[in-house]
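From first to last, the protein sequence lines are chains A and B.
Quick note on UniProt numbering: the first sequence kicks off at 1 and runs consecutively.
Quick note on UniProt numbering: the second sequence kicks off at 1 and runs consecutively.
Using N, Cα and C, we set each Cβ at its ideal position, and we do this for glycine too.
Let me begin by presenting the structure, written as structure tokens, before commenting on it.
2 protein chains.
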Amino acid sequence: MANLEIFVSFLLIFSFFPRVLPGQNPSRRFSKHGPRFLGKFSFPTKNNGIIGAPQYRYETRYFDQVLDHFSFSELPNFRQRYLINTDHWTGPDRLGPIFLYCGNEGDIEWFAANTGLVWELAPRFGAMVLFPEHRYYGASMPYGNREDAYKNASTLSLLTTEQAIADFAVLITELKRNLSAQACPVVLFGGSYGGMLAAWMRLKYPHIAIGALASSAPVLQFEDIVPPETFYDIVSNDFRRESVSCFNTIKTSWDVIELEGQRNNGLSHLTETFRLCQKLDSAYDLSDWLSSAYSYLAMADYPYPADFLMPMPGNPIKEVCKKIDNCSDKTDILECIFEGVSVYYNYTGSVKCFNLDDDPHGVDGWNWQACTEMIMPVSSSVNASMFPASDYDYRSDEKFCLENYHVKPRPTWITTEFGGHGFKKALKDFGSNIIFSNGLLDPWSGGSVLEDVSDTIVALVTEKGAHHLDLRPATADDPDWLVEQREAEVDLIQDWLDEYYEKNKAVYSM
Amino acid sequence: MANLEIFVSFLLIFSFFPRVLPGQNPSRRFSKHGPRFLGKFSFPTKNNGIIGAPQYRYETRYFDQVLDHFSFSELPNFRQRYLINTDHWTGPDRLGPIFLYCGNEGDIEWFAANTGLVWELAPRFGAMVLFPEHRYYGASMPYGNREDAYKNASTLSLLTTEQAIADFAVLITELKRNLSAQACPVVLFGGSYGGMLAAWMRLKYPHIAIGALASSAPVLQFEDIVPPETFYDIVSNDFRRESVSCFNTIKTSWDVIELEGQRNNGLSHLTETFRLCQKLDSAYDLSDWLSSAYSYLAMADYPYPADFLMPMPGNPIKEVCKKIDNCSDKTDILECIFEGVSVYYNYTGSVKCFNLDDDPHGVDGWNWQACTEMIMPVSSSVNASMFPASDYDYRSDEKFCLENYHVKPRPTWITTEFGGHGFKKALKDFGSNIIFSNGLLDPWSGGSVLEDVSDTIVALVTEKGAHHLDLRPATADDPDWLVEQREAEVDLIQDWLDEYYEKNKAVYSM
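Below, the structure is given as structure tokens:
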């Protein structure tokens with residue numbers, strides 16, 4: 001499958017971005033770009049991320065989309081892909097709702113396959129299902145193909161969130177017009193970055209969508225709205241809550257790795273211990289590989305086996321810590337760490353050796369976004385975190401972006417455009433019908449909205465949920481709290497629709 | 001004054017745009033572009049439009065503004081001009097409010113001089129006053145100067161409403177940061193197109209502005225939201241309510257002019273009757289000149305003498321109709337018409353002959369906007385209107401724009417971006433704190449919001465008001481209904497501020 005090939009190359013390219021090159025100031029070497037861990041989540045695995053995934057039925061169509069909505073420069077339109085299913089739609093006469101998933105940074109087919117909730121709710125609500133793809137991802141390439149779209153900073157310049165949301169707005173407006181379905185209510189869905197798009201689209205285009213379910217959407221992870229250490233503190237807490245000794249072993253391991261890396265033959269020893277295919281250039285590469293695993297484990301700390309980023313058991317952090325704790329009588333702490341992260345990198349046991357190599361020259365769409373608008377500060381605290389301490393350093397990120405992407409980030413633009421500072425106050429009497437759903441195990445939850453803003457802008461928080469777990473298809477293993485969270489979402493969506501139908505009858509149309 | 005010279009050239013250039021060239025299908029010859037009559041309102045007259053105008057004090061500053069907020073193309077920043085007065089501002093510690101007038105299509109100094117209300121309210125509220133200029137107007141020219149900014153469709157491409165509103169958002173955010181005034185509430189003001197900007201900015205940037213007074217803002221004059229004949233029907237009603245015979249005389253005059261134009265020496269006779277400096281090429285040019293006068297008279301049908309577009313007496317339509325009715329025993333109806341429109345074109349009596357010539361080659365910013373986003377359909381009905389009947393013909397406008405501006409309009413974009421269809425329903429439970437103030441004499445009132453949308457998105461309508469009369473400085477001649485309208489505005493703004501201060505004390509800052 002061509003799509004999968006593209007994704008594999010995305011995956012390979014991606015990890016280089018937040019990495020600080022070897023030889024730089026060691027105090028900065030652990031620096032990570034926050035957005036990295038959002039972008040990574042969009043990379044599919046072979047079976048589309050679901051063990052025994054149901055195959056959803058849809059038609060694939062293309063829309064002739066404006067490339068720059070906010071200027072009138074002479075630019076070619078592009079073909080925006082969207083997936084559509086009208087099997088259960090009750091149609092224009094009965095004002096059948098339209099469920100629109102805001103496609104995020106990746107192939108839309110993958111998001112469609114991983115967003116079971118929307119498919120499962122469609123029959124219940126008599127809804128049309130629509131998955132428009134985000135520009136510059138999947139098959140929705142400006143300038144006709146990926147190569148030309150990603151050629152340089154100029155061709156990439158229109159890869160922005162505002163343009164992507166406007167794409168959705170224009171597409172749904174045209175589609176409804178063509179179907180004489182102008183009066184049909186639209187409900188938005190989105191997870192992670194897609195959840196941010198859904199929430200922002202509801203705020204910016206209330207005349208187009210009556211409400212939004214924004215799952216695991218870190219809309220407040222900008223500037224100083226939340227402390228930058230939040231992300232790694234939550235990852236660390238996820239480990240500590242399973243096992244304090246596990247947390248301590250990991251916290252100790254970084255120095256061990258660094259010291260080992262400085263010894264004669266130390267890098268060879270590390271290479272061997274971690275079954276790497278190629279000899280390590282630097283101990284930092286290993287630390288980075290390990291810390292990524294911990295972060296992704298926290299995001300995907302689901303209560304049942306899943307294959308979203310990697311095939312993993314249910315409650316994977318518990319499994320990792322079991323491995324680490326059970327081996328702690330061994331002399332080599334690094335052996336324990338290796339056994340632990342193998343739960344993430346090699347749960348199926350099929351990997352013979354691990355490859356850390358990335359292609360540092362590729363350009364990935366999400367990296368571009370992380371170098372332009374999605375400036376999400378992340379640092380690591382000295383005490384609460386199990387990771388090496390690191391400060392957030394905007395200047396070094398800016399330098400990186402200028403050198404590698406030839407673009408200067410606008411670190412305050414997202415909050416200017418979409419808000420964030422004083423979020424609750426600004427929206428207390430403005431806006432309505434947004435659900436911010438979060439699971440507190442998810443390290444991104446700390447950058448999302450965890451308290452109700454008003455009666456209709458509400459937070460649905462689960463203590464034991466991870467990254468947009470609620471959007472996944474229902475399974476027999478779903479714990480009660482997850483079933484309840486989804487039912488609360490359904491009730492709220494039903495309220496929005498009831499209110500819409502009521503108004504549509506009663507209010508004189510201006 | 002350089003500014004005035006620029007404006008005079010604007011004025012000359014402007015009128016050509018909606019005119020259909022001689023020799024075209026006569027049924028289309030009366031076609032008018034609606035937006036023309038918004039744009040015209042921004043042209044200043046010599047004494048800044050106010051007889052005995054108060055001189056407001058302000059400092060002129062410049063802000064280094066991003067040229068394209070919604071893409072990361074490598075473009076030069078531009079200097080955005082803004083006027084600022086902090087004389088009465090109570091400052092950051094006391095959360096002194098900031099009154100921001102959304103500069104519209106013209107020199108900001110002129111809007112500052114003509115928006116007395118904001119200046120008069122500032123001391124009462126302890127407010128800072130801010131008049132940022134709209135990009136591509138006045139002294140706020142991208143690419144360093146007007147010539148380069150207006151060179152071609154490519155340099156003009158970023159003259160859009162969304163960019164202009166984003167300019168305001170970025171400017172006020174930066175300014176507040178620099179003053180440590182982040183917590184100070186911002187209230188928006190705007191009239192006409194500026195009123196549209198204020199309303200839309202409140203909807204799109206609720207985190208930046210707590211409310212907006214949108215005076216005479218025809219936010220619904222798009223697509224088929226209001227009937228296209230609304231504008232001319234209101235102009236016609238303004239005349240009919242003063243005098244049915246006046247209305248009838250004008251309605252009859254078009255055929256008389258057309259027939260006269262077809263006679264031998266008819267154009268010479270018309271030229272003579274209307275004291276034109278140069279011989280008419282076509283009777284249509286005369287009709288256009290006359291119909292413009294009637295439309296502007298309706299917009300500026302103020303209850304006291306003013307000099308906004310032209311020096312005029314109070315209740316100018318009454319004066320026009322007096323002239324027309326009193327002379328109706330004369331044999332030549334055209335003499336009567338001439339005497340009538342002289343109230344508009346020559347109230348001071350200083351004009352010896354009238355010049356209809358326009359420069360058809362110039363490009364004016366408003367014309368660009370009317371050829372890109374501001375596609376506001378206007379037609380003339382057969383019965384209710386005193387003007388010759390004409391249909392709205394989008395295709396001919398599109399052809400005009402392609403030929404003259406090398407740009408294709410996006411006639412459905414404004415409603416996609418800002419809403420409009422089902423306005424009341426969409427905003428009934430979304431958004432707050434917008435005043436749509438209108439006077440029903442104003443032909444643009446029919447395209448504005450004349451009913452309350454909700455408890456906090458309210459319509460303040462006066463039966464006898466004209467185009468954003470409420471924004472003008474208070475005078476001794478203000479009728480009671482105008483004083484009351486302004487007091488209602490003040491009360492609402494006070495409510496917004498009280499609520500903001502209350503929340504600011506009580507609500508935990510997220």
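Three-state secondary structure assigned by DSSP to residue i
i	result
A:Glu319	helix
B:Val461	strand
B:Ser215	strand
A:Met128	strand
B:Tyr347	coil
B:Arg79	strand
B:Cys62	According to the sequence displayed, residue 62 of chain B carries Tyr and not Cys. Residue state, collapsed to three classes: strand.
A:Phe338	helix
B:Asp498	helix
A:Ile493	helix
A:Tyr205	coil
A:Leu220	coil
B:Lys46	Any reading at B:Lys46 is ruled out, since the residue's pLDDT is 44, under 50, leaving its predicted position unreliable.
B:Leu95	coil
B:Val187	strand
A:Leu21	The predicted position of A:Leu21 is uncertain, since its pLDDT is 26 and thus under 50; a value taken from the coordinates is nonetheless stated next. It is coil, neither helix nor strand.
B:Met299	helix
B:Met312	strand
A:Phe111	helix
A:Asp455	coil
A:Phe436	strand
Residue i at chain B interface by Cβ criterion, 8 Å
i	result
residue 511 of chain A	Any property of residue 511 of chain A remains undetermined from this structure, which presents chain A solely from 1 to 510.
A:Glu162	yes
A:Lys425	yes
A:Gly195	no
A:Asp491	no
Contacting residues, own chain, Cβ-Cβ under 6 Å from residue i (five flanking each side not counted)
i	result
A:Phe436	Ala214, Ser448, Val449 and Ala459
B:Trp496	Ile210, Gly211 and Asn433
B:His467	Ser216, Met299 and Asp442
B:Leu471	Thr115, Leu117, Gly191 and Ser215
A:Pro228	Pro377, Val378, Ser379 and Tyr392
A:Thr462	Gly439, Trp481 and Gln485
A:Lys176	Gln182
A:Thr456	Ser432 and Asn433
A:Gly340	Val320, Lys323 and Ile324
Neighbour list for residue i in chain A, Cβ cutoff strictly below 7 Å
i	result
B:Val407	Phe72
B:Asp68	Ser71
B:Val170	Thr416
Min CB distance residue i to chain A below 8 Å
i	result
B:Leu175	no
B:Asn504	yes
B:Gly447	no
B:Gly422	yes
Contact list for residue i against chain B, beta-carbon separation under 7 Å
i	result
A:Ser432	Asp429 and Phe430
A:Ser157	Ser71, Phe72 and Ser73
A:Gly365	Ordered by position in chain B, no residue passes the 7 Å Cβ test against A:Gly365, which lies about 13 Å from the chain.
Under 9 Å from the C-beta of residue i: neighbouring residues of chain B
i	result
A:Gly419	Tyr205, Pro206, His207 and Ile208
Chain-order list of residues whose beta-carbon lies under 7 Å from that of residue i (same chain, five-residue window excluded)
i	result
A:Ala153	Tyr405, His406 and Val407
B:Leu67	Leu75, Pro76, Asn77, Phe78, Pro142 and Leu158
B:Ala166	His69
Listed by chain order, chain B residues near residue i by CB distance under 8 Å
i	result
A:Gly191	By Cβ distance, chain B contributes nothing, its closest Cβ being about 22 Å from A:Gly191, past 8 Å.
A:Ser154	Ser73 and Glu74
Closer than 8 Å at the beta carbon, the chain A residues around residue i
i	result
residue 517 of chain B	This structure cannot speak to residue 517 of chain B, because chain B is shown only from 1 to 510.
Close Cβ partners of residue i (< 8 Å) along its chain, the five nearest in sequence each way excluded
i	result
B:Ser342	Lys323
Short-range partners of chain A found in the region 372-398 of chain B, where Cβ spacing is below 7 Å
Hits within the stretch, in order: Thr372.
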